[in-house]
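S.K.: First the structure, then my questions, so here it is.
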Amino acid sequence: MSVVGIDLGFQSCYVAVARAGGIETIANEYSDRCTPACVSFGPKNRSIGAAAKSQVISNAKNTVQGFKRFHGRAFSDPFVEAEKSNLAYDIVQLPTGLTGIKVTYMEEERNFTTEQVTAMLLSKLKETAESVLKKPVVDCVVSVPSFYTDAERRSVMDATQIAGLNCLRLMNETTAVALAYGIYKQDLPALEEKPRNVVFVDMGHSAYQVSVCAFNKGKLKVLATAFDTTLGGRKFDEVLVNHFC
């Protein structure tokens, strides 16, 4: 069985596997290496990824995006309250006090946990990887934002279990980028030499992360990490929309 790496983004997802010659990002059924983090619920079936993305306008009320930000968060959380105005779908308070997602699925009103919706997406990514690798995929490593709390991380772990995956570990997104840099860089200083400090900047759809790392051959040390949980590409979109509309 192969171990896959999953980049579970706010807007898009990627699946990669180590193969001869390096790291390969797996393409989905549309020959696209990027899969939208989107789940759409219809009267007869459920669509995930690119198929769900195509229903964002026609089935907006039941097409769920950006749910990653609700992992491990209480419905009463001010962050959740601030997000409500950005959503085309409804969120609800679950009996546990956490944030759930309300949709109409199979002609019936349903409330799903964030973990369940994320598990649907992970199941799709698992299926995509298995179709390309021609073998079962169980073990995985999932990247998460460096600012995720313990509750948010546990929530993601629960989602992987629901999807039938064995998550070997969660890795901070900035650490994953730094690790990829270190693997392919051939001119890093020797262990006894002064390390090379590198700054990694991740401007994502919904968050902004910066990490400073020190590199020697075969060694990586994260020196500092900073982030803004609300600044992302979508903020630029909002400014443009507010200006022109």
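Every number in the working numbering is 1220 more than the matching position in the sequence shown, counting from 1. Quick reminder that beta carbons are idealized off the backbone N, C-alpha and C, glycines included.
Count the C-beta pairs between the segment 1311-1325 and the segment 1289-1296 that are closer than 8 Å, then say yes if the count reaches three, no if not.
M.R.: Yes, the segment 1311-1325 is in contact with the segment 1289-1296.
S.K.: Taking Cβ to Cβ, would you say Ala1349 is nearer than 8 Å to Val1235?
M.R.: Against the sequence shown, residue 1349 aligns to sequence position 129. Against the sequence shown, residue 1235 aligns to sequence position 15. Yes, these two residues count as a Cβ contact at 8 Å.
S.K.: Could you give the uninterrupted runs of the alpha helix (DSSP H) lying entirely in the segment 1337-1364, keeping only those of 4 residues or more?
M.R.: Listed in chain order, there is nothing to give.
S.K.: Buried or exposed, going by whether 16 or more other CB atoms sit within 10 Å of the CB of Cys1360?
M.R.: Reading the sequence shown from its first residue, position 140 is the one you call residue 1360. Burial call: buried.
S.K.: Along the chain, where does the alpha helix (DSSP H) that runs through Ala1271 open and close?
M.R.: Position 51 of the sequence shown, counted from the start, is the residue given in the question as residue 1271. Element bounds for Ala1271: Ala1270 to Lys1273.
S.K.: Can you look up Val1300 in the DSSP assignment and give me helix, strand or coil?
M.R.: Residue mapping note: residue 1300 aligns to position 80 of the sequence shown, counting from 1. Here Val1300 sits in helix by DSSP.
S.K.: Do Glu1335 and Ser1363 have their C-beta atoms closer together than 8 Å?
M.R.: The residue you call residue 1335 lines up with position 115 of the sequence shown. The residue you call residue 1363 lines up with position 143 of the sequence shown. No, the pair does not count as a contact, with Cβ atoms beyond the cut-off.
S.K.: Taking only runs that begin and end inside the segment 1223-1287, name each unbroken beta strand (DSSP E) of 3 or more residues, in chain order.
M.R.: Fully enclosed beta strand (DSSP E) runs of 3 or longer: 1232-1239, 1242-1245, 1258-1261, 1266-1268 and 1283-1285.
S.K.: I'd like the list of long-range same chain contacts for Gly1229, defined as Cβ closer than 8 Å, with 5 residues on each side in sequence excluded.
M.R.: The residue you call residue 1229 lines up with position 9 of the sequence shown. Cβ neighbours of Gly1229 beyond the five flanking positions: Ala1257, Lys1288, Gly1424 and His1425.
S.K.: What first and last residue would you give for the beta strand (DSSP E) that runs through Met1326?
M.R.: What you label residue 1326 is simply residue 106 of the sequence shown in a count that begins at 1. Where Met1326 is concerned, there is no enclosing beta strand (DSSP E), given that its DSSP letter is neither H nor E.
S.K.: Report the option in Val1276, Ala1339, Phe1456 and Tyr1309 whose CA atom is closest to the CA atom of Glu1329.
M.R.: For the purposes of this step, residue 1329 is identified with residue 109 of the sequence shown, where counting begins at 1. Nearest of Val1276, Ala1339, Phe1456 and Tyr1309 to Glu1329, Cα basis: Tyr1309.
S.K.: Shortest alpha-carbon distance to Gln1429 belongs to which of Lys1281, Gly1317 and Ser1366?
M.R.: For this step, residue 1429 is matched to residue 209 along the sequence shown. For Gln1429, the nearest C-alpha among the options comes from Ser1366.
S.K.: Can you check DSSP and say which residues form a bridge with Ile1311?
M.R.: Sequence index remark: in the sequence shown, residue 1311 carries index 91 (1-based). Note: Ile1311 sits in a beta bridge opposite Ile1321.
S.K.: Among Phe1290, Thr1445, Val1419 and Val1284, whose alpha-carbon lies nearest the alpha-carbon of Val1373?
M.R.: Your numbering for residue 1373 matches position 153 in the sequence shown. At residue 1373 the sequence reads Arg, which differs from the Val that was named. Answer by Cα proximity: Phe1290.
S.K.: Pick helix, strand or coil for Gln1406, following the three-state DSSP scheme.
M.R.: By one-based count along the sequence shown, residue 1406 stands at place 186. Note: Gln1406 maps to coil in three-state DSSP.
S.K.: Rounded to whole angstroms, what's the CA-CA distance from Met1377 to Val1237? Just pull it up for me.
M.R.: Against the sequence shown, residue 1377 aligns to sequence position 157. Against the sequence shown, residue 1237 aligns to sequence position 17. Those two C-alpha atoms are separated by around 20 Å.
S.K.: With a cut-off of 8 Å on the beta carbons, I'd call Asn1248 and Phe1261 a contact; round off their distance for me.
M.R.: The sequence position of residue 1248 within the sequence shown is 28, counting from 1. The sequence position of residue 1261 within the sequence shown is 41, counting from 1. With a Cβ gap of about 20 Å, Asn1248 and Phe1261 do not count as contacting.
S.K.: Have a look at the DSSP bridge pairing and note the partners of Thr1333.
M.R.: If you number the sequence shown from 1, residue 1333 lands on position 113. Per DSSP, Gly1320.
S.K.: Quickly, what does DSSP pair Thr1445 with across the bridge? List them, please.
M.R.: Counting from 1 along the sequence shown, the entry for residue 1445 is found at position 225. Per DSSP, Ser1431.
S.K.: Determine the direct distance from the alpha carbon of Leu1440 to that of Leu1399, and round the result to whole angstroms.
M.R.: Counting from 1 along the sequence shown, the entry for residue 1399 is found at position 179. Counting from 1 along the sequence shown, the entry for residue 1440 is found at position 220. Approximately 7 Å between the Cα atoms of the pair.
S.K.: Quick one: Cα of Leu1341 to Cα of Ala1383, how far?
M.R.: Taking the sequence shown and counting its residues from 1, one reaches residue 1341 at position 121. Taking the sequence shown and counting its residues from 1, one reaches residue 1383 at position 163. Each residue's Cα considered, the two are about 8 Å apart.
S.K.: I need the straight-line Cα distance from Asp1227 to Lys1437, nearest angstrom please.
M.R.: For this step, residue 1227 is matched to residue 7 along the sequence shown. For this step, residue 1437 is matched to residue 217 along the sequence shown. Using only the alpha carbons, I get a separation of about 25 Å.
S.K.: Comparing alpha-carbon positions, which option in Val1461, Ala1444 and Gly1452 lies nearest Asn1392?
M.R.: Mapped onto the sequence shown, residue 1392 falls at position 172. It is Ala1444.
S.K.: What number of angstroms, rounded off, separates the C-alpha of Ala1271 from the C-alpha of Phe1332?
M.R.: The sequence position of residue 1271 within the sequence shown is 51, counting from 1. The sequence position of residue 1332 within the sequence shown is 112, counting from 1. If you take the alpha carbons of Ala1271 and Phe1332, they lie about 20 Å apart.
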